[in-house]
Every structure is written in structure tokens, then in C-alpha cells.
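Just so you know, the sequence shown maps onto residues 134 to 492 in my numbering.
From the three backbone atoms N, C-alpha and C, an ideal C-beta is built for every residue, glycine too.
Owing to the predicted nature of the structure, the values given are computational and were not obtained by experimental measurement.
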Amino acid sequence: MSAREEVACANATGALLPESRARLIGGLVILLLGAWILHSYLTLLVWAVVLALATWPVFHYLRQRSSAEKTFWPALGLALAMGALILVPLVYGLGRLVQEAQSVSQLVAEAQAHGIPAPDWLATLPWIGPWAASHWADLLGTPASARDTLHWLGTSAALGYTKALASQLVHRLFGFFITLLVLFFLYRAGDALGQQVLGSCRKLFGESGVRYAAHAASAVRATVNGLVLVGLGEGLLLGVGYALAGLSHPAMLGGLTAVFAMVPFAAKLIFGGCSLVLLAQGQTVAGGGLFVFGLVVLLLADNYVRPALIGGAVKLPFLWTLLGILGGLENFGLLGLFLGPTIMAVLMSIWRDWADEPQ
């Protein structure tokens, strides 16, 4: 008896045949075993799927420019480009840290020999200035206190932290490699895999399932555009503001702002802190101007540009877009920035279908 005949018989009798029940149980067991084997890599797989959905139009364009039967080179080139886009800023940041390591070493030696007096601007900080200056003096003001404070750098605990950091770095690099590898194969098999996913949704949920799957893909693409592109725009504009305000390393500050700007309203932490430093140093015009400029950029980006890119593409109201981003970030970490609005968009689509059904 074929699978369709077994299903038809089960529907007619209201119960599954023993063979069908055994097949169902066996399938569930295999599915659970597969999930258990891959559970450490599920996050990496989801990241690869998000990147593939977000960059699929680019891959489609590259594939059209290439031979219709050859997807290897477009897939490999775009996967490597995505890796470089993520790795280059990190390598640049690490390079800056290495360059500053010598200065930090000299500072530590000077602190142990003579102590480090608190900078003049520290005491002028609003609310916390006197408290911060007093604690600075207790920790670093004299050679003895500086040696006690910096003594932990030579302890076994610091060595343990260093080993843990190195282990995490190797682990993250391996995970990054796995994500790029999966992304490469998703590009190559994306069309066939997409058809299989849509076919499965059609079998399980009918034509509504196909529409929900397409809506989810559009939501992922719109969320990436709204978060990443707007964040990069904010970082670029505020990087120019940092340079005009006279801050050192404006490119690094702009890149850090771009990362924080992917979370709504989080960029205030960067340009607000830079403004406070300028104000504490007596540069009132530069500090105030930078803060006002940052507020204007943040107001336009987070209240107009980002909702238009995310909510407008998937017809998701701004409130649910914002709650999806924040809730996803809280529950799923950085990946939740993209999963949260996607889930909210699908839920909103289901709600509209249910509300529009005739009573």
C-alpha cells in the first residue's frame, strides 16, 4: 500500500495503520536525533539562512551576469565578499589595539613608578565628577595604589581570562567559517531548496503557507536593509561629526556607532559619551554641536527611514517592528534583531487573514 493510500485509509477509519504509525514515530525519532546532533550549529545555520535571504538579489544578479549553468564562482565570490565585509573591520580594530598596546605598556610602567594623577576634566563631569576623581586617586594616584590595582594583571586569574579569550576567539572563528561554508552551499542550492520549502508549506498549510513563507523571506530582507544599511548610514554621518568635532580615531568611533546603531536608539551611548568627553574638556561648542547633530541623525533614521524600510516592505506597524527588534534581541541575542521582526510580520499576516475571514 502506498503512502497516499495509507493516508486515505487513515482518514477514512480515523486512525493510523500500524505501518503508518511506525513510520511517523520513526520519522520523529530521526528528526529529534538530527536536531540533537546539530543543536550546537543551529544558530550558525540560521545566520547563514538570514545572510542568504538578505543577499539573494545580489547573488541572482551575479548569476545572471555569469553562465546560467555555473553557480560556483558567483556563490564563492559573494560568500567570500560577505566574509571580508565582516572580517575587515574586525581586523582593523585588532590592528589598532596592537598599535596601542605599546602605549598602554608605557602607561602601566609609568603608573607603577610614579602613579597617574586624575585628569583635570574628570572632576568637572556632572554629578559623578568628584566621586570619579576621588576613586581615581585611591586606585591610581600613588605608586603604591597603582601597583596594587595593576597587580591582578600578573595573576593566574588574568592568565585564565587570557586563555578563555583565546579559546572564545578560536571558537568564533570556526563558527564564522561554518557560516560562510553553509552560505556558499545555500547560494548553490538555493533555488531547489526554496522550491522544496514552498512545496512543504503548501502541503502542510495550503496556499496560505506559501504566502507566509514568502512574507517571512521579505521580512528578513527588509529587516537587514533597515538595520544594517541605516546603521551604516548613521555611523558614516556621525563619523564625519566626530572628525569635525576634533575627536581622535573618528573612523573607529564611526564604525562602533554603526554597530550600536543597528539596535534602535543605542547609538546615543556612543555619540553621547563622546559629547560628554568634549564638554568635560571645555570644548562646549564641539560637544554640544556633536550631541545635537547626533540627535537629529538618530531622530530621522530611527523614526522615519528605518520604519519605512522595515515596516513599509512587509506592512508591519512601527510599534510591532520596534517590539519585535527589542524582544528578539532580548531572547535570541544579536540574531534576534532579524528574527524578531520576521516572526512579528508572519504573525501579523496570520492575524490579517484570520480577521478578514467571513464569519
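Given residue i as reference, the closest of the options once Cα atoms are compared
| i | options | result |
| --- | --- | --- |
| Ile476 | Ala488, Leu455 and Trp487 | Leu455 |
| Ala346 | Gln301, Gly359, Leu186 and Phe424 | Leu186 |
| Ser482 | Ala352, Ala376 and Ser381 | Ala352 |
| Leu319 | Pro151, Val438 and Ala212 | Ala212 |
| Gly466 | Val179, Val162 and Leu165 | Val179 |
| Thr275 | Phe471, Pro250 and Ala399 | Pro250 |
| Leu411 | Leu402, Ala400, Lys401 and Leu423 | Leu423 |
| Leu462 | Ala217, Leu371 and Leu360 | Leu360 |
| Leu370 | Arg354, Ala355, Leu164 and Leu389 | Leu389 |
| Leu175 | Ala217, Ala214 and Gly308 | Gly308 |
| Ala355 | His172, Leu184, Leu161 and Ser300 | Leu184 |
| Ile403 | Gly372, Ala325, Gln416 and Ala413 | Gly372 |
| His247 | Leu273, Val224, Ala256 and Trp264 | Leu273 |
| Ala376 | Ala400, Ser408 and Ala350 | Ser408 |
| Asp486 | Glu340, Arg305 and Ile261 | Glu340 |
Helix, strand or coil at residue i according to DSSP, with G and I counted as helix
| i | result |
| --- | --- |
| Leu449 | coil |
| Val373 | helix |
| Val396 | coil |
| Gly405 | helix |
| Leu468 | helix |
| Trp487 | helix |
| Ser199 | coil |
| Ala251 | coil |
| Gly422 | helix |
| His193 | helix |
| Gly274 | coil |
| His348 | helix |
| His382 | coil |
| Gly513 | As displayed, the chain neither begins before 134 nor continues past 492, which places residue 513 out of reach and without an answer. |
| Ile261 | coil |
| Ala291 | Summary for Ala291: the model assigns pLDDT 49, below 50, so the residue's position carries little reliability; its value from the coordinates is reported in the next sentence. The answer is helix: DSSP assigns Ala291 an H, G or I state. |
| Gly366 | helix |
| Thr204 | coil |
| Gln328 | helix |
Whole-angstrom C-beta distance between residue j and residue i, which should lie under 8 angstroms
| i | j | result |
| --- | --- | --- |
| Asp435 | Pro474 | The Cβ separation is near 14 angstroms, so there is no contact. |
| Gly444 | Pro450 | 6 angstroms |
| Gly364 | Met395 | 4 angstroms |
| Leu177 | Val315 | 7 angstroms |
| Gly210 | Leu220 | Not really, about 15 angstroms apart at Cβ, beyond 8 angstroms. |
| Ala256 | Ala266 | 4 angstroms |
Check whether residue i and residue j have beta carbons under 9 angstroms apart
| i | j | result |
| --- | --- | --- |
| Leu428 | Glu367 | no |
| Ala168 | Phe317 | no |
| Ala419 | Ala384 | no |
| His268 | Val479 | no |
| Gly374 | Phe426 | yes |
| Phe205 | Val357 | no |
| Thr312 | Ala181 | yes |
| Leu442 | Leu362 | yes |
| Gly327 | Arg335 | no |
| Trp484 | Gly323 | no |
| Ala400 | Gly262 | no |
heavy atom of the ligand ZN below 8 angstroms from residue i C-beta
| i | result |
| --- | --- |
| Ser153 | Looking at this structure, you won't find the ligand ZN or any other ligand, since it has none at all. |
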